[in-house]
Each structure stands twice: as structure tokens, then as C-alpha cells.
Amino acid sequence: MIYSDLEKNINKIESDYNNSIDISFRDIILFNTKIYLVYNSSLCDNKIVNDFILKNISNLEKENIKKDDIINVLYNTIPSVEIEKIKNFENIYEKLGNGFVIILFDKKKESLAIEAKKELSRAIEQPVVEQAILGPKDSFNENYLDNIGLIRKRIKTNNLIVEEKIIGKETKSKVGILYMKNIIEQELLDSVKEKLDKIDVDGIIDSNYIKEYIESKNSVFTLIYPTERPDVAVMNLLKGKICIIVENSPGVLIIPTFFTDLFNASEDYYQKSKNVIFTRIIRYISFFIAIVLPAFYIAITTFNHETIPESLLINFALQREGVPFPAFVEALGMTLIFEILRESDIRMPSLSGSAISILGAIVLGDAAVAAGIVSPIMVIVVAVSAICSLMFTGQAMVNGIRFWKLLFMIFATTAGIPGVTFCGFIFIIMMASLKSFGKPYLWPFAPFNLNFAIKSIFKKDIKNDNLRNPLLTDDNLKRSKKL
18 MIYSDLEKNI NKIESDYNNS IDISFRDIIL FNTKIYLVYN SSLCDNKIVN
68 DFILKNISNL EKENIKKDDI INVLYNTIPS VEIEKIKNFE NIYEKLGNGF
118 VIILFDKKKE SLAIEAKKEL SRAIEQPVVE QAILGPKDSF NENYLDNIGL
168 IRKRIKTNNL IVEEKIIGKE TKSKVGILYM KNIIEQELLD SVKEKLDKID
218 VDGIIDSNYI KEYIESKNSV FTLIYPTERP DVAVMNLLKG KICIIVENSP
268 GVLIIPTFFT DLFNASEDYY QKSKNVIFTR IIRYISFFIA IVLPAFYIAI
318 TTFNHETIPE SLLINFALQR EGVPFPAFVE ALGMTLIFEI LRESDIRMPS
368 LSGSAISILG AIVLGDAAVA AGIVSPIMVI VVAVSAICSL MFTGQAMVNG
418 IRFWKLLFMI FATTAGIPGV TFCGFIFIIM MASLKSFGKP YLWPFAPFNL
468 NFAIKSIFKK DIKNDNLRNP LLTDDNLKRS KKL
């Protein structure tokens, strides 16, 4: 509780903040009594403090007001959307950390908190990771309300619900849960809320913290898809999914995520269906090539020579002549070099990225072949596999391809093509056993839904398409809507 002694309150705040340099105090004499303004100068806008708080307080000197009415008068006089009365130090510290000005009064066990927040977030910019030729060019930023607003301006009905939780004992981060009340399945919503309520941590710095806490650890592929595009978030809300927005994070989490979602791009919805069909088929083929091609090459050159024409086998043998390493070591080394180059390209400034690409792709590759360390065909195999993996920008998808590529290579080295086939069965079984918040990860292929299985590859004409997903909507909606 706040003390009735003003000086005692000030001393406690100074002591609890250990005389921090950005906690500012301003004392004012108003109606022959002292009041104190306390605010965090690093979070508050001085112009707002001066023009809307101090100026209005100084104007009150001309009024004939009783001392006992000072709190109510300020409450009704200061022009601010966010102003409230608080009675304990815990709320005072929370408001100070959110850019509020606290007004403390002498002989009053109550104070006022007035918003004077400084704009510390960047402007709304174009997407960096999920770039698209067609469609909107805005993206989420670190401002919590801006992110909600980017979704609100696209969905203008009262069916869009935003619920909020505070997570993090020290950071007190706002976590918004967005869903369509007329579409969402209640069981899914309750499951998400229950998992969020179980999070007990000192701080939430980014939405990926939330993702780590509530996502199953049984898969290298993501079960919760992060996006920086508001249009993607809206499309998924209309399907019956949930979006999680975290304060100070530009990534919005989409729950649940299915494996087929990883092969869709936002601009698919802005093109003709015939064009999208070709692009989606290319993505599925690229994924298959990315994880299987190096393993298949190892298998046919190490064990299963009979699976390829004799002339091609002789050509492979001639190219590998003089290479001191087995095919697996050769492929593993080249793959490792590529992954190092990929990470270097991500971490380096954009001006230096092209130089690294040229060095790795041309100089190192050509020098390795000339030195007889690797064969030319292996460079081609690894390069094709790597290029196919570049079609997927999401880090979780990249990590999944990396993991399964290595696993397929190990099985190919051990048992050839039968080993690759066996690893393929393991892949299908593990993927089919995954669930994203109780929903089968491989839906609509397992369990099989013909209509949506076709739709996941062959985009329907927008006039005949319905975004709503029957797996994510309540039973009454499933019966009433034509899917």
C-alpha cells in the first residue's frame, strides 16, 4: 500500500530503484500542498509530460479547488486516454515500466498514473524474410498495438477477439491471443490458454520464447509457424487458427501449423490458380530432392550400381578416380561447407554477402575439384540439393531439411537404396505421429481428406475457395458451412 507520508513514498521508490538515473522526480506546489511527479525519462516523452500534464496542473492554480478534491480534479482534467488511480507500489512500478507518469500526493494513500509513452518502435516496413512480389508490403514491428492494428484494419468485425495475458515475472510482457469467435474451436482455444498459463519464467524477450515453451519437442519441423506478414496472419485467422502477438516482437505465431502450410506462400492467394499449381508442385519436388538426392547418390555409387546405366556408372567412376574419401565423407564435407556459407551469409552485412557467395561457390568449389578432394558430380549433387532447400525461408524448415538430409545419408551409407527406403518409412511414420495442439500434423493427407488434399497442391479458384478449415471449427459450423 502507498504511504500517507509523501516523502516516505519518494524515498521508497528511490531505494527500490537504487537511485537509477532514468527515474525522474519533479515536485510541485499545488493549492499550498506538495505533489510529486515520478516518471521514467527513458520511456516517457518530455513533450507529453510538459504540454499535457505539467501545463494542465499549472492551469489549476487559477481555480478555487479544495485540497481534498485534488485527485478527482486531476483525474477529470488531464487529457489522457490512459489515466487511472492506483493504491500500491507494485502497480506503480508496473506503470513506470510502461511509460506512465505517476503523481503522488501528500497525506493520500492513492496516486494517479497517466500515460506519456515515448515512441520507441520502428516504423511499419516491408517484410524482410517473407518477401513477395504480389500482395501487401507491410509487416509487423515491435510495437504491440501496431501489430494488433495491422490485423484489425483487415478484419473489421466484432468477431475478431483479442485477449491478453501478462507473462514474465520481471519483463511483464503483454501476450495477445487473437481468434475469430465465430470460427474458432473452443477446445483448441482452451488448450492454447492452458499452455500459456503454465509458463513461469523471469522474462519473455521475443515470441520465439513463447514458441519454445508451448511447442512439442518431438519434431525438427515447426509445429507453430512464425510470420512477419499481417496478411498471412489474417488468412490463418479466417481458417480458424489462433495468432499469438508478443510485446516487443515482430513475429506473430500461428497455431496450429500443419506440414502443408510450410509449402504455401502468401502470394499464392494473389495469383491465378493455374500458375500456383505449378509453383506448389515445384516446392514439393524441391523438398524431396533437398533431403533425398545426396543419399540417393551415395547409395547408387556405394552399393546399388545396378540401378543406373553402365555408361553413367563408368562416368561416375572416372570422375571419382583419385578422390581419397568415400562418397559419404565427400557429401558430408560439401554439405558442411555449404551450411557454414549459409550461416556466414546470414550473419554478415549485406554488402559483404555477395563476396562470400562468390568465394564459396566459385573459388572453393573449383579449387576442391582441381585438387582432387571432391568429384565434380558430388559438387553438382550437393549444389542441387542446397539450391532446392533455398526455396524455404523459414528457419525451422531449413533445420528440418538439414536434419533429415543427414539422416538419409547415414542410412544410404549403411544399406544403400533399401536404407534410403527404410529412412523414408521412418520419416512418414514420425511425421504422421506428430500433433500440433491435438491436430494431426500431416492433415489433410493423414487422416486423408480428398477435398483439402487436392486444395493443398492445386489451388482452387478464389470464387470457389473457402478459407475455413473443417478441422479447426466447431461442429455446428462444420454442418452449417459448405466446405
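By our numbering, the letter at position 38 of the sequence shown is numbered 55, and the numbering carries on one by one without gaps. C-beta atoms are modelled at their ideal positions from N, C-alpha and C, and glycine is treated no differently.
Boundaries (first-last residue) of the alpha helix (DSSP H) holding residue i
{"i": "Asn416", "result": "Gln412 to Ser450"}
{"i": "Tyr242", "result": "From DSSP, Tyr242 is part of no alpha helix (DSSP H) but of the beta strand (DSSP E) over Tyr242 to Thr244."}
{"i": "Val396", "result": "Pro393 to Ser406"}
{"i": "Ile70", "result": "Note, Ile70: premise wrong, no alpha helix (DSSP H); not H, not E."}
{"i": "Glu31", "result": "Leu23 to Asp33"}
{"i": "Glu327", "result": "Glu327 to Arg337"}
{"i": "Val251", "result": "Pro247 to Leu255"}
{"i": "Val469", "result": "A quick correction: the sequence has Phe, not Val, at residue 469. Run containing Phe469: Leu467 to Ile474, per the alpha helix (DSSP H) assignment."}
Three-state secondary structure (DSSP) of residue i
{"i": "Lys64", "result": "helix"}
{"i": "Arg43", "result": "strand"}
{"i": "Lys291", "result": "helix"}
{"i": "Val346", "result": "helix"}
{"i": "Thr274", "result": "coil"}
{"i": "Glu360", "result": "helix"}
{"i": "Glu264", "result": "coil"}
{"i": "Leu353", "result": "helix"}
{"i": "Thr50", "result": "strand"}
{"i": "Ser283", "result": "helix"}
{"i": "Lys456", "result": "strand"}
{"i": "Val309", "result": "helix"}
{"i": "Val237", "result": "coil"}
{"i": "Val340", "result": "coil"}
{"i": "Ile56", "result": "What sits at residue 56 in the sequence shown is Tyr, not Ile. Looking at Tyr56 - three-state DSSP - the assignment turns out to be strand."}
{"i": "Ile38", "result": "coil"}
{"i": "Phe572", "result": "Coverage of the chain is limited to positions 18 through 500, which leaves residue 572 absent and any answer about it impossible."}
{"i": "Ile304", "result": "The identity of residue 304 in the sequence shown is Phe, whereas the question assumes Ile. In this structure, Phe304 counts as helix in the three-state DSSP scheme."}
{"i": "Ile141", "result": "coil"}
{"i": "Ile315", "result": "helix"}
{"i": "Ile259", "result": "strand"}
{"i": "Val269", "result": "strand"}
Rounded separation between residue i and residue j - CA only
{"i": "Val58", "j": "Ile40", "result": "Checking the displayed sequence, the identity of residue 58 turns out to be Ser instead of Val. Near 6 Å, if we compare the C-alpha coordinates of Ile40 and Ser58."}
{"i": "Phe320", "j": "Gly433", "result": "5 Å"}
{"i": "Ile95", "j": "Glu360", "result": "53 Å"}
{"i": "Lys125", "j": "Lys29", "result": "16 Å"}
{"i": "Pro435", "j": "Ala429", "result": "8 Å"}
{"i": "Ile19", "j": "Ser406", "result": "60 Å"}
{"i": "Phe42", "j": "Val55", "result": "5 Å"}
{"i": "Ala348", "j": "Gly185", "result": "45 Å"}
{"i": "Leu77", "j": "Ser453", "result": "59 Å"}
{"i": "Pro243", "j": "Val309", "result": "26 Å"}
{"i": "Ile394", "j": "Thr438", "result": "23 Å"}
{"i": "Arg364", "j": "Ile357", "result": "11 Å"}
{"i": "Ile317", "j": "Tyr226", "result": "43 Å"}
{"i": "Asn199", "j": "Asn176", "result": "6 Å"}
{"i": "Val237", "j": "Ile178", "result": "31 Å"}
{"i": "Asn26", "j": "Ala133", "result": "21 Å"}
{"i": "Tyr53", "j": "Glu181", "result": "32 Å"}
{"i": "Trp460", "j": "Leu467", "result": "10 Å"}
{"i": "Lys173", "j": "Ser156", "result": "19 Å"}
{"i": "Asp223", "j": "Phe342", "result": "44 Å"}
{"i": "Ile36", "j": "Phe117", "result": "According to the sequence shown, residue 36 is Asn rather than Ile. If I take the Cα positions, the gap works out to 18 Å."}
{"i": "Ile443", "j": "Ile315", "result": "19 Å"}
{"i": "Gly411", "j": "Phe280", "result": "10 Å"}
{"i": "Met351", "j": "Phe409", "result": "20 Å"}
{"i": "Lys64", "j": "Arg297", "result": "53 Å"}
beta-carbon residue i near the ligand ADP non-hydrogen atom, thresh 7 Å
{"i": "Phe295", "result": "No copy of the ligand ADP occurs in the structure displayed, which carries no ligand at all."}
Start and end residues, beta strand (DSSP E) containing residue i
{"i": "Ser128", "result": "Ser128 to Glu132"}
{"i": "Val118", "result": "Phe117 to Phe122"}
8 Å Cβ cutoff, residue i in contact with chain C
{"i": "Ile46", "result": "Structure shown: chain C not included; a single protein chain is present."}
| query | Is it a yes or a no for the stretch 121 to 128 touching the stretch 103 to 113, going by three-plus beta-carbon pairs under 8 Å? | reply | yes
| said: Count Cβ pairs between the stretch 132 to 142 and the stretch 156 to 166 that sit closer than 8 Å; are there 3 or more? | reply: yes
| query | Which runs of the alpha helix (DSSP H) fall wholly inside the stretch 155 to 224 and span at least 4 residues, in chain order? | reply | 161 to 169 and 203 to 214
| query | Curious, which full-length alpha helix (DSSP H) runs of at least 4 residues does the stretch 87 to 111 contain? | reply | 87 to 94
| request: Determine, using beta-carbon pairs with one atom in the stretch 443 to 460 and one in the stretch 264 to 279, whether at least three such pairs fall under 8 Å. | output: Short answer: they touch.
| query | Do the stretch 285 to 294 and the stretch 144 to 159 meet, that is, are 3 or more Cβ pairs less than 8 Å apart? | reply | A contact exists between the stretch 285 to 294 and the stretch 144 to 159.
| query | Per the contact definition of three or more C-beta pairs closer than 8 Å, is the stretch 248 to 260 in contact with the stretch 212 to 225? | reply | no
| Between the stretch 234 to 248 and the stretch 262 to 269, do three or more beta carbon pairs fall short of 8 Å? | yes
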